[in-house]
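Residue numbers (the working numbering): 1337 to 1704.
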């Protein structure tokens, strides 16, 4: 027997729909899709006909189309991958260069747990297509030979990011090609066959972009935006109280293990083995791959939730911490000033000390 499954959100969003305490405040709600997930918005604004929800949806779609997608030929990441093997590499914008710098830093600090060059392994498993039911037939995990070949195309040494100063972030010497045009942020050089995949951080990047939009529109008093398992809280609700975000129970996705009560300005990202997976012959194959083996990570963790003021860091850290497991994951989160909560395979919940002030459990779960 086999089972395919895709959960659109790793955390359940609770919107408190009490009456507004300010007469002219309007609440705008929207549910749509972008970046391969469900986009839920609840926005409090002074304008009755606010176009904020529409703008945010379009902003999210354009981010995927113009920068992050490895599948759409209109994106910068697609262009970088298409240029793999070319010694001159591919120019990228300052925004993408900064995203790559952050990913490189977290990758190094996590001992390689976050690896944005894992594209060949991601393509080989093709878990998104299996989980969404786009591929049919008998699921088989990749063979050892194919997986070894794919892993050989991955790794930090397969990518160089030349800064606009002419220096490589890889720090392995070599000469830059004259200089990079000042209108761009740098140049990415990939080895032949290498492939960037920013799926682990894309939704967090979108949250950071959305936050900038919200801050620029003063008529927006508060909002909570959910992109699947990544959530942004902003401002305040007119009726008072914190934003309530429930963390899904990895063992029962119709329930939750607890609620986070948050002020505005937090990004919440969750990674779990229940989001996109295939079960075949009693084995669950999920979409979070360990770069050391190429197989779905087995760290004793079923789900990780990260709190950070950076969407990019929250998304990247949730993936890295899931792969690392509880002990190393807690150390990594604390290094970045983030709060972390782990739901372990045996049902235990472990968290950073700072997470406890936001956390309310909904009851003890008895392991099966």
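From the three backbone atoms N, C-alpha and C, an ideal C-beta is built for every residue, glycine too. Quantities reported herein were computed from a predicted structural model and do not represent experimental measurements.
Ordered list of beta strand (DSSP E) runs contained in the segment 1554-1640, each at least 3 residues:
Correct list: 1556-1563, 1566-1571, 1579-1585, 1588-1598, 1603-1608, 1612-1616 and 1619-1622.
To the nearest angstrom, report how far apart residue 1426 and residue 1598 are at their CA atoms.
Translated into the one-based positions of the chain shown, residue 1426 becomes position 90. Translated into the one-based positions of the chain shown, residue 1598 becomes position 262. So the alpha carbons of these two residues sit roughly 41 Å apart.
Is the segment 1427-1435 touching the segment 1460-1480 in the sense that three or more CB pairs, one from each, lie closer than 8 Å?
The segment 1460-1480 makes no contact with the segment 1427-1435, as fewer than three CB pairs between them are under 8 Å.
By a C-beta neighbour count over all protein chains shown, 10 Å radius and 16 as the cutoff for buried, is residue 1645 buried or exposed?
Here the question's residue 1645 lines up with position 309 in the chain shown. Note on residue 1645: under 16 other CB atoms within 10 angstroms of its CB, so exposed under the neighbour-count rule.
Report buried or exposed for residue 1384, applying the criterion of at least 16 other Cβ atoms within 10 angstroms of its Cβ.
On the chain shown, position 48 is the one that residue 1384 refers to. It is exposed - the Cβ of residue 1384 has fewer than 16 other Cβ atoms within 10 Å.
Other residues of its chain near residue 1641: CB distance less than 6 Å, five sequence neighbours each side excluded:
What you label residue 1641 is simply residue 305 of the chain shown in a count that begins at 1. 1583, 1606 and 1677, listed in sequence order.
Suppose you measure from the CA of residue 1476 to the CA of residue 1529; what does that come to, to the nearest Å?
Within the chain shown, the letter at position 140 stands for residue 1476. Within the chain shown, the letter at position 193 stands for residue 1529. Spanning the alpha carbons of residue 1476 and residue 1529 requires a straight line of approximately 23 Å.
Helix, strand or coil: how does DSSP classify residue 1424 here?
Indexing the chain shown from 1 puts residue 1424 at position 88. When DSSP states are grouped into helix, strand and coil, residue 1424 belongs to the coil group.
Indicate the three-state DSSP secondary structure (helix, strand or coil) for residue 1440 in the structure shown.
In the chain shown, residue 1440 corresponds to position 104, counting from 1. The DSSP-derived three-state label of residue 1440 is helix.
Could you tell me how far apart the beta carbons of residue 1404 and residue 1568 are, in whole angstroms, since I believe they sit closer than 8 Å?
Here the question's residue 1404 lines up with position 68 in the chain shown. Here the question's residue 1568 lines up with position 232 in the chain shown. Not confirmed; about 17 Å, so no contact.
Supposed contact pair residue 1541 and residue 1648 - C-beta distance, whole angstroms, cut 8 Å
Numbered from its first residue, the chain shown carries residue 1648 at position 312. Numbered from its first residue, the chain shown carries residue 1541 at position 205. Confirmed, Cβ separation roughly 5 Å.
Status (buried if at least 16 other CB within 10 Å, exposed otherwise) for residue 1586
Here residue 1586 corresponds to residue number 250 of the chain shown, with the count starting at 1. Around the CB of residue 1586, 16 or more other CB atoms lie within 10 Å, so the residue is classed as buried.
Would you report the Cα separation of residue 1462 and residue 1443, rounded to the nearest angstrom?
Here residue 1462 corresponds to residue number 126 of the chain shown, with the count starting at 1. Here residue 1443 corresponds to residue number 107 of the chain shown, with the count starting at 1. In this model, residue 1462 and residue 1443 are separated by some 23 Å (Cα to Cα).
In whole angstroms, give me the CA-to-CA distance for residue 1639 and residue 1429.
As a first step, residue 1639 must be located in the chain shown, where it is residue number 303. As a first step, residue 1429 must be located in the chain shown, where it is residue number 93. About 33 Å.
Pair every Cβ in the segment 1678-1689 with every Cβ in the segment 1560-1580, then say whether three or more of these pairs are closer than 8 Å.
Remark: fewer than three beta-carbon pairs, one from each stretch, lie closer than 8 Å, so the segment 1678-1689 and the segment 1560-1580 are not flagged as touching.
Can you find the residues in the same chain that come closer than 7 Å, C-beta to C-beta, to residue 1410, ignoring five residues on each side of it along the sequence?
For the purposes of this step, residue 1410 is taken as the residue at position 74 of the chain shown. The answer, listed in chain order, is 1401 and 1402.
Spatial neighbours of residue 1386 within its chain, please: C-beta separation below 6 Å, excluding the five flanking residues on both sides.
As a working mapping, residue 1386 is identified with position 50 in the chain shown. Spatial neighbours of residue 1386 in its own chain (CB-CB distance under 6 Å, excluding positions within 5 residues in sequence) are listed in chain order as 1364.
Determine the contact status of residue 1457 and residue 1487, defining contact as a CB-CB distance below 8 Å.
Counting from one through the chain shown, the residue named residue 1457 turns up at place 121. Counting from one through the chain shown, the residue named residue 1487 turns up at place 151. Yes, the Cβ-Cβ distance between residue 1457 and residue 1487 is below 8 Å.
Could you check whether residue 1696 and residue 1559 sit closer than 8 Å to each other, using their CB atoms as the reference points?
What you label residue 1559 is simply residue 223 of the chain shown in a count that begins at 1. What you label residue 1696 is simply residue 360 of the chain shown in a count that begins at 1. It is not a contact, given that the beta carbons lie outside the stated cut-off.
Since residue 1688 and residue 1666 are thought to touch, with beta carbons under 8 Å apart, how far apart are those beta carbons, to the nearest angstrom?
What you label residue 1688 is simply residue 352 of the chain shown in a count that begins at 1. What you label residue 1666 is simply residue 330 of the chain shown in a count that begins at 1. The pair is a contact, with the Cβ atoms about 6 Å apart (cut-off 8 Å).
Below 8 Å on the Cβ atoms is my guess for residue 1406 versus residue 1489; work out the distance and round it to an integer in Å.
Your numbering for residue 1406 matches position 70 in the chain shown. Your numbering for residue 1489 matches position 153 in the chain shown. That pair is no contact at about 14 Å.
Residue 1625 to residue 1656 span [Cα, whole Å]:
Here residue 1625 refers to the residue found at position 289 when the chain shown is read from its first residue. Here residue 1656 refers to the residue found at position 320 when the chain shown is read from its first residue. Computed Cα separation, rounded: 10 Å.
Could you check which residue in 1581, 1590 and 1622 has the C-alpha nearest to that of residue 1602?
Numbered from its first residue, the chain shown carries residue 1602 at position 266. That would be 1581, whose Cα lies nearest to the Cα of residue 1602.
Cβ neighbour criterion (16 or more within 10 Å) applied to residue 1376:
In the chain shown, counting from the first residue as 1, residue 1376 sits at position 40. Around the C-beta of residue 1376, 16 or more other C-beta atoms lie within 10 Å, and the residue is accordingly described as buried.
Residue environment, residue 1637, which counts as buried when at least 16 other CB atoms sit within 10 Å:
For this step, residue 1637 is matched to residue 301 along the chain shown. It counts as buried.
Could you check if residue 1566 is buried or exposed, using at least 16 other CB atoms within 10 Å of its CB as the buried criterion?
Position 230 of the chain shown, counted from the first residue, corresponds to residue 1566. With 16 or more other Cβ atoms inside 10 Å of its own Cβ, residue 1566 counts as buried.
Coarse secondary structure for residue 1454, derived from DSSP in three states:
As a position in the chain shown, residue 1454 is number 118, starting the count at 1. In the structure shown, residue 1454 adopts coil according to DSSP, grouped into three states.
When 1610, 1579, 1577 and 1578 are compared against residue 1591, the one with the closest alpha-carbon:
Numbered from its first residue, the chain shown carries residue 1591 at position 255. Taking each of 1610, 1579, 1577 and 1578 in turn and checking the Cα distance to residue 1591, the smallest one comes out for 1610.
Helix, strand or coil for residue 1684 per DSSP?
Along the chain shown, read from residue 1 onward, the residue named residue 1684 stands at position 348. In the structure shown, residue 1684 sits in coil (DSSP, three-state: anything other than H, G, I, E or B).
CA-CA distance, residue 1367 and residue 1419?
Here residue 1367 is taken as the residue at index 31 of the chain shown, counted from 1. Here residue 1419 is taken as the residue at index 83 of the chain shown, counted from 1. If I take the Cα positions, the gap works out to 36 Å.
Measuring CA to CA, which of 1615, 1690 and 1632 is closest to residue 1474?
Your numbering for residue 1474 matches position 138 in the chain shown. The shortest Cα separation from residue 1474 among 1615, 1690 and 1632 belongs to 1615.
Below 8 Å between beta carbons: does that hold for residue 1593 and residue 1698?
The sequence position of residue 1593 within the chain shown is 257, counting from 1. The sequence position of residue 1698 within the chain shown is 362, counting from 1. Yes, Cβ-Cβ distance for residue 1593 and residue 1698 is below 8 Å.
Please report the distance separating the alpha-carbon of residue 1491 from that of residue 1422.
Here residue 1491 refers to the residue found at position 155 when the chain shown is read from its first residue. Here residue 1422 refers to the residue found at position 86 when the chain shown is read from its first residue. Distance between the alpha carbons of residue 1491 and residue 1422: 17 Å.
Can you look up residue 1523 in the DSSP assignment and give me helix, strand or coil?
On the chain shown, position 187 is the one that residue 1523 refers to. Residue 1523: strand per DSSP, three-state reduction.
Apply the 10 Å Cβ neighbour rule to residue 1675 and answer buried if 16 or more other Cβ atoms are within range, or exposed otherwise.
For the purposes of this step, residue 1675 is identified with residue 339 of the chain shown, where counting begins at 1. It is buried - the Cβ of residue 1675 has at least 16 other Cβ atoms within 10 Å.
Quick one: what does DSSP say residue 1497 is sitting in, helix, strand or coil?
Residue numbering aside, residue 1497 sits at position 161 when the chain shown is read from its first letter. If DSSP states are grouped into helix, strand and coil, residue 1497 belongs with the strands.
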